[in-house]
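What follows is a short report on a single structure.
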Amino acid sequence: MERPLDRRTCHSTHGRCAAAAAKDPTPCEGPHEAATIVDRHGAEVAGCVHHCARLLAGLEGGRVHPFVPACHALDIYSRARELPPFAWEIGK
16 MERPLDRRTC HSTHGRCAAA AAKDPTPCEG PHEAATIVDR HGAEVAGCVH HCARLLAGLE
76 GGRVHPFVPA CHALDIYSRA RELPPFAWEI GK
């Protein structure tokens, strides 16, 4: 069920952070580079806390980069825990 990070699509589009999935209609929350998510292959993408959490929820073996401030990391992990993978596909 995992979709690896694609370095070609990890660029900000339409004024949203790079962690926002193209099909995810939700707006960013806060700075567009508040945190960085790392997949199990070492690919990284920076994004807002909201989209990092949504991305992390669908990544097997994904994690928050260790240099992210603890308050952001805890927020991302807490949010991701409550989300299904690819939440935008079911309207969440």
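Take the sequence shown: its position 27, counting from 1, is numbered 42 in our numbering, and each next residue is one higher.
All residues carry an ideal CB built from backbone N, CA and C; glycine is no exception.
With distance defined between alpha-carbon atoms, name the residue in the options nearest to residue i.
{"i": "H56", "options": "I91, A49, E75", "result": "E75"}
{"i": "H65", "options": "P84, E59, P42", "result": "P42"}
{"i": "R78", "options": "D39, C32, A50", "result": "A50"}
{"i": "E104", "options": "G30, R31, D39", "result": "D39"}
{"i": "G45", "options": "G30, P100, V53, D54", "result": "G30"}
{"i": "F82", "options": "L70, A35, I52", "result": "I52"}
{"i": "I91", "options": "G106, C32, L70", "result": "L70"}
Would you mind giving the Cβ-Cβ distance between residue i and residue j, rounded to the nearest angstrom? I have them listed as a contact below 8 Å.
{"i": "A95", "j": "A72", "result": "4 Å"}
{"i": "L98", "j": "A68", "result": "7 Å"}
{"i": "C63", "j": "H47", "result": "6 Å"}
{"i": "A34", "j": "A61", "result": "7 Å"}
Contained beta strand (DSSP E) runs [length at least 3] in the segment 49-90, N- to C-terminal order: Counting whole runs of 3 or more residues, the segment 49-90 contains the beta strand (DSSP E) stretches 50-53, 59-62.
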